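Peer 1: Positions 457 to 873 (our numbering) are the ones given, in order, by the sequence shown. Just so it is clear, CB atoms sit at the ideal spot from N, CA and C, and this is done for glycine as well. Note that this is a predicted model, so its numbers are computed, not measured.
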Amino acid sequence: VNHDHLFSYILTKYGKNKISEDDFKNRVFLAIDNLRRCGINNYHTSLNKKQFYLLTDDYHKNYERFIKASLAEKLITLDNGVIRKNSARFSAIYDFHTIRKDNIIEVLRNEIEPLKNLTKTLNKLMLLPDIYVRQKIKNHFMALEKKLFTDDYEKYYLKKESKPKNIGRPFFWKHLFGNKGVILVHGYMAAPEEIRPLAEFLYNNGYSVYGARLRGHGTAPEDLAQIRWEKWYDSVGRAYIIMKNCVKHFAIAGFSTGGDITLLQAANKPGKFKAVISINAPLSLQNISSKFASAIVAWNKLLTKFKAKKGKMEFVVNEPENPHINYTRNPVSGVGQLEKLMNVVEDRLKNITDPLLVIQGSDDPVVNPASGKDIYKKAKAANKKIVTVKSERHGILRGKEAEEVNAKALEFLQDVF
Numbered sequence: 457v458n459h460d461h462l463f464s465y466i467l468t469k470y471g472k473n474k475i476s477e478d479d480f481k482n483r484v485f486l487a488i489d490n491l492r493r494c495g496i497n498n499y500h501t502s503l504n505k506k507q508f509y510l511l512t513d514d515y516h517k518n519y520e521r522f523i524k525a526s527l528a529e530k531l532i533t534l535d536n537g538v539i540r541k542n543s544a545r546f547s548a549i550y551d552f553h554t555i556r557k558d559n560i561i562e563v564l565r566n567e568i569e570p571l572k573n574l575t576k577t578l579n580k581l582m583l584l585p586d587i588y589v590r591q592k593i594k595n596h597f598m599a600l601e602k603k604l605f606t607d608d609y610e611k612y613y614l615k616k617e618s619k620p621k622n623i624g625r626p627f628f629w630k631h632l633f634g635n636k637g638v639i640l641v642h643g644y645m646a647a648p649e650e651i652r653p654l655a656e657f658l659y660n661n662g663y664s665v666y667g668a669r670l671r672g673h674g675t676a677p678e679d680l681a682q683i684r685w686e687k688w689y690d691s692v693g694r695a696y697i698i699m700k701n702c703v704k705h706f707a708i709a710g711f712s713t714g715g716d717i718t719l720l721q722a723a724n725k726p727g728k729f730k731a732v733i734s735i736n737a738p739l740s741l742q743n744i745s746s747k748f749a750s751a752i753v754a755w756n757k758l759l760t761k762f763k764a765k766k767g768k769m770e771f772v773v774n775e776p777e778n779p780h781i782n783y784t785r786n787p788v789s790g791v792g793q794l795e796k797l798m799n800v801v802e803d804r805l806k807n808i809t810d811p812l813l814v815i816q817g818s819d820d821p822v823v824n825p826a827s828g829k830d831i832y833k834k835a836k837a838a839n840k841k842i843v844t845v846k847s848e849r850h851g852i853l854r855g856k857e858a859e860e861v862n863a864k865a866l867e868f869l870q871d872v873f
């Protein structure tokens with residue numbers, strides 16, 4: 457059993473002639489989740505990979521390949537995110553010798569018909585209302601994010617360094633009947649608590665808000681030290697799935713490293729966000745020591761290879777503006793990951809087309825203030841704006857600059873929603 461079997465079965469068995477892409481992908485995701493739990497062992501190894509990519513960037517291109525093939529064979533049409541089945545092709549009775557060339561989707565569906573445990577589960581899945589499917593998806597990823605944080609916190613907890621759980625725990629504030637939202641992403645060595653003031657401000661102005669937690673954060677520096685930047689990106693990918701299944705339209709905003717993740721999400725999902733807000737996001741850093749991070753990481757790896765116990769520089773002291781939130785030790789490997797992320801983001805800025813607001817502190821001591829102008833210039837969004845906030849601090853989401861930042865963010869959101 458592979459992705460194509462599940463795509464085909466769900467498309468043919470779905471009771472209506474049309475289905476939204478989001479609903480289709482949601483049902484396939486739930487089908488894969490059920491497949492793993494219903495005792496069937498003969499499924500393709502591709503179903504063991506991270507399946508949430510199906511609901512975000514389709515990283516493995518399984519969905520894209522299926523849709524392209526179905527469109528090429530004129531078995532479906534795709535318009536404005538809605539898949540329509542070609543009724544004539546799906547209701548026809550095919551000769552045994554011609555069905556493979558006439559309707560491969562029917563063939564793939566027939567191949568798993570004998571798997572009664574699976575098809576019984578899939579048939580039940582077909583009966584679920586769209587709203588219930590969205591609720592199941594949201595609950596699945598909310599529970600996953602809660603578990604990831606709890607497990608990470610317990611594994612890396614340090615009595616004198618780890619902050620209380622409420623500092624690092626992701627949060628979601630949903631307006632009962634609201635249909636607009638914002639994903640907020642915190643910065644490097646910080647935690648969701650960092651973005652809470654902006655979250656409260658936006659929530660009080662009518663927006664549902666999800667405060668994402670980047671993996672490796674809100675726990676202890678040793679956790680961050682072993683995290684690759686891709687896991688930060690995936691953390692926000694899961695936030696995207698949660699928000700997408702709760703509101704009709706939503707924006708994404710990120711501070712510092714969270715701004716970089718925000719920009720990369722927008723670059724990889726053109727047309728999916730009502731607005732993109734980057735706040736003090738770095739393309740380069742002010743501290744010259746950061747430029748040596750890659751060399752130090754390489755040196756540490758070399759010492760590890762030769763089992764040397766001395767000479768490593770794994771952490772450097774950090775003196776944060778918000779010590780009740782941020783780590784006080786900075787893993788050198790984490791700075792190396794940030795460098796890699798900045799390079800990827802800079803290369804992908806040209807793919808950003810959604811409305812973009814860039815907010816940059818005038819005299820940021822951490823991020824090179826030129827980053828803001830570079831982001832603004834390189835992004836291809838037709839609707840883009842840059843705002844300079846006079847400040848000698850990096851953490852402008854808190855303190856005297858916060859009121860101006862909040863006001864500029866809200867003004868931009870109100871313009872595009």
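Could you check whether Val872 and Ala860 sit closer than 7 angstroms to each other, using their CB atoms as the reference points?
Peer 2: Start at 1 with the first residue of the sequence shown, and residue 860 comes out as number 404. Start at 1 with the first residue of the sequence shown, and residue 872 comes out as number 416. Note on residue identity: the sequence assigns Glu, not Ala, to residue 860. Not closer than 7 angstroms, so no.
Peer 1: Does the distance from the C-beta atom of Gly714 to that of Gly643 stay below 7 angstroms?
Peer 2: Counted from its first residue, the sequence shown places residue 714 at position 258. Counted from its first residue, the sequence shown places residue 643 at position 187. Yes, they are a contact pair.
Peer 1: Nearest to Gly851 by CA position, among Ile815, Ile831, Lys728, Ala826, is which residue?
Peer 2: By one-based count along the sequence shown, residue 851 stands at place 395. When only C-alpha atoms are compared, the closest one is Ile815.
Peer 1: Residues bridged to Ala668 by DSSP?
Peer 2: The residue given as residue 668 occupies position 212 in the sequence shown. Ala668 is bridged to Val641.
Peer 1: Do you know offhand how far Lys619's Cα is from Gln721's?
Peer 2: Numbered from its first residue, the sequence shown carries residue 619 at position 163. Numbered from its first residue, the sequence shown carries residue 721 at position 265. So the alpha carbons of these two residues sit roughly 28 angstroms apart.
Peer 1: Compare the C-alpha of Arg483 against each of Pro825, Tyr465, Gly634 and name the closest.
Peer 2: Taking the first residue of the sequence shown as 1, we reach residue 483 at position 27. Nearest option by C-alpha distance: Tyr465.
Peer 1: Indicate whether the contact test is met: 3 or more Cβ pairs, each with one atom in the stretch 560 to 575 and one in the stretch 665 to 682, closer than 8 angstroms.
Peer 2: The stretch 560 to 575, when compared against the stretch 665 to 682, does not touch it at the 8 angstroms Cβ threshold.
Peer 1: How do the stretch 466 to 478 and the stretch 521 to 540 stand: do at least 3 beta-carbon pairs fall below 8 angstroms, yes or no?
Peer 2: Touching, per the Cβ criterion.
Peer 1: My understanding is that Gly817 touches Asn736, with C-beta atoms under 8 angstroms, so please give their C-beta distance in whole angstroms.
Peer 2: For the purposes of this step, residue 817 is taken as the residue at position 361 of the sequence shown. For the purposes of this step, residue 736 is taken as the residue at position 280 of the sequence shown. At roughly 6 angstroms, the Cβ-Cβ gap stays under 8 angstroms, so Gly817 and Asn736 are in contact.
Peer 1: From this set, Leu654, Lys730, Ile593, Met598, which residue's C-alpha is nearest Ala955's C-alpha?
Peer 2: The displayed coordinates of the chain run from 457 to 873. Any statement about residue 955 would go beyond what the structure contains.
Peer 1: Indicate whether the contact test is met: 3 or more Cβ pairs, each with one atom in the stretch 698 to 708 and one in the stretch 622 to 641, closer than 8 angstroms.
Peer 2: Verdict: yes, contact present.
Peer 1: Does the beta-carbon of Leu869 have 16 or more other beta-carbons within 10 angstroms, so that it is buried, or is it exposed?
Peer 2: Taking the sequence shown and counting its residues from 1, one reaches residue 869 at position 413. Label assigned to Leu869: buried.
Peer 1: Can you grab the Cα-Cα spacing for the pair Lys615 / Asn660, in whole Å?
Peer 2: As a first step, residue 615 is located in the sequence shown; it is residue number 159 there, counting from the start. As a first step, residue 660 is located in the sequence shown; it is residue number 204 there, counting from the start. For Lys615 and Asn660, the distance between alpha carbons rounds to 35 angstroms.
Peer 1: Compare the beta carbon distance of Leu853 and Ile733 with 7 angstroms and say whether it is the shorter of the two.
Peer 2: As a position in the sequence shown, residue 853 is number 397, starting the count at 1. As a position in the sequence shown, residue 733 is number 277, starting the count at 1. Contact flag unset, no.
Peer 1: So, for Ala723: in the same chain, excluding its five sequence neighbours on each side, which residues have a beta-carbon less than 6 angstroms away from its beta-carbon?
Peer 2: Reading the sequence shown from its first residue, position 267 is the one you call residue 723. Only Arg804, Asn807, Ile808 meet the Cβ criterion.
Peer 1: State the CB to CB distance for the pair Leu417 and Tyr783, rounded to an integer number of angstroms; the pair is presumed to be in contact (CB under 8 angstroms).
Peer 2: Because the chain is modelled from 457 through 873, residue 417 falls outside the range shown and cannot be assessed.
Peer 1: Helix, strand or coil, according to DSSP, for Phe480 in the structure here?
Peer 2: Reading the sequence shown from its first residue, position 24 is the one you call residue 480. If DSSP states are grouped into helix, strand and coil, Phe480 belongs with the helices.
Peer 1: I need the straight-line Cα distance from Lys856 to Asn862, nearest angstrom please.
Peer 2: Residue numbering aside, residue 856 sits at position 400 when the sequence shown is read from its first letter. Residue numbering aside, residue 862 sits at position 406 when the sequence shown is read from its first letter. One C-alpha to the other measures close to 11 angstroms.
Peer 1: Below 7 angstroms between beta carbons: does that hold for Arg669 and Lys687?
Peer 2: For the purposes of this step, residue 669 is taken as residue 213 along the sequence shown, with counting starting at 1. For the purposes of this step, residue 687 is taken as residue 231 along the sequence shown, with counting starting at 1. Contact: no.
Peer 1: Quick check on DSSP: helix, strand or coil for Ile623?
Peer 2: For this step, residue 623 is matched to residue 167 along the sequence shown. Correct three-state label for Ile623: helix.
Peer 1: For my contact list, Leu564 and Ala487 are in at a C-beta cut-off of 8 angstroms; report their separation, rounded to the angstrom.
Peer 2: The count along the sequence shown starts at 1 and reaches residue 564 at position 108. The count along the sequence shown starts at 1 and reaches residue 487 at position 31. Not really, about 13 angstroms apart at Cβ, beyond 8 angstroms.
Peer 1: Would you mind reading off the limits of the beta strand (DSSP E) that contains Val563?
Peer 2: Walking along the sequence shown from the start, residue 563 turns up at place 107. Where Val563 is concerned, there is no enclosing beta strand (DSSP E), although the alpha helix (DSSP H) it sits in stretches over 560 to 568.
Peer 1: Starting from Arg854, trace the alpha helix (DSSP H) in both directions and tell me its first and last residue.
Peer 2: Position 398 of the sequence shown, counting from 1, holds the residue named residue 854. Counting along the chain, Arg854 falls outside any alpha helix (DSSP H), and DSSP gives it neither H nor E.
Peer 1: By Cβ distance, which residues of its chain are closer than 6 angstroms to Ala647, with the 5 residues on each side in sequence left out?
Peer 2: Taking the sequence shown and counting its residues from 1, the one referred to as residue 647 is at position 191. Contacts found: Ile623, Gly624, His673, Gly674, Ile781.
Peer 1: When DSSP builds the beta bridges, which residues end up paired with Asn786?
Peer 2: Translated into the one-based positions of the sequence shown, residue 786 becomes position 330. Paired residues: Val772.
Peer 1: Between the Cα of Lys481 and those of Lys592, Pro776, Arg493, spot the shortest distance and give me the residue it belongs to.
Peer 2: Here residue 481 is taken as the residue at index 25 of the sequence shown, counted from 1. Closest option to Lys481, Cα to Cα, is Lys592.
Peer 1: Pull up the DSSP beta-bridge partners for Ile532, would you.
Peer 2: The sequence position of residue 532 within the sequence shown is 76, counting from 1. Answer is Lys541, bridged to Ile532.
Peer 1: Name the two residues that bound the continuous beta strand (DSSP E) containing Leu812.
Peer 2: The residue you call residue 812 lines up with position 356 of the sequence shown. 812 to 817 is the span of the beta strand (DSSP E), which, as asked, contains Leu812.
Peer 1: Say yes only if the C-beta of Asn782 is nearer than 6 angstroms to one or more non-hydrogen atoms of the ligand SAH, and no if none qualify.
Peer 2: With respect to the ligand SAH, the structure shown offers nothing to examine, as it has no ligands at all.
Peer 1: CB-CB under 7 angstroms to Asp460, same chain, minus the five flanking residues each way: which ones, in chain order?
Peer 2: The residue given as residue 460 occupies position 4 in the sequence shown. Excluding sequence neighbours, Asp460 sits near Phe522, Leu564.
Peer 1: Mapping the DSSP letters down to three states, classify Ile735 as helix, strand or coil.
Peer 2: Translated into positions along the sequence shown, residue 735 becomes position 279. In the structure shown, Ile735 sits in a strand (DSSP, three-state: E or B).
Peer 1: Give the range of the alpha helix (DSSP H) segment to which Ala723 is assigned.
Peer 2: Within the sequence shown, residue 723 is the residue found at index 267, counting from 1. Segment 713 to 724, the alpha helix (DSSP H) holding Ala723.
Peer 1: For Met598 and Asn490, what's the separation of their Cα atoms in angstroms?
Peer 2: Here residue 598 is taken as the residue at index 142 of the sequence shown, counted from 1. Here residue 490 is taken as the residue at index 34 of the sequence shown, counted from 1. Distance between the alpha carbons of Met598 and Asn490 is about 18 angstroms.
Peer 1: From Asn824 to Glu848, what does the alpha carbon distance come to, in whole angstroms?
Peer 2: Within the sequence shown, the letter at position 368 stands for residue 824. Within the sequence shown, the letter at position 392 stands for residue 848. About 12 angstroms.
Peer 1: DSSP on Phe485, reduced to helix/strand/coil?
Peer 2: Residue 485 sits at position 29 when you count from the first residue of the sequence shown. Phe485 falls in the helix class under three-state DSSP.
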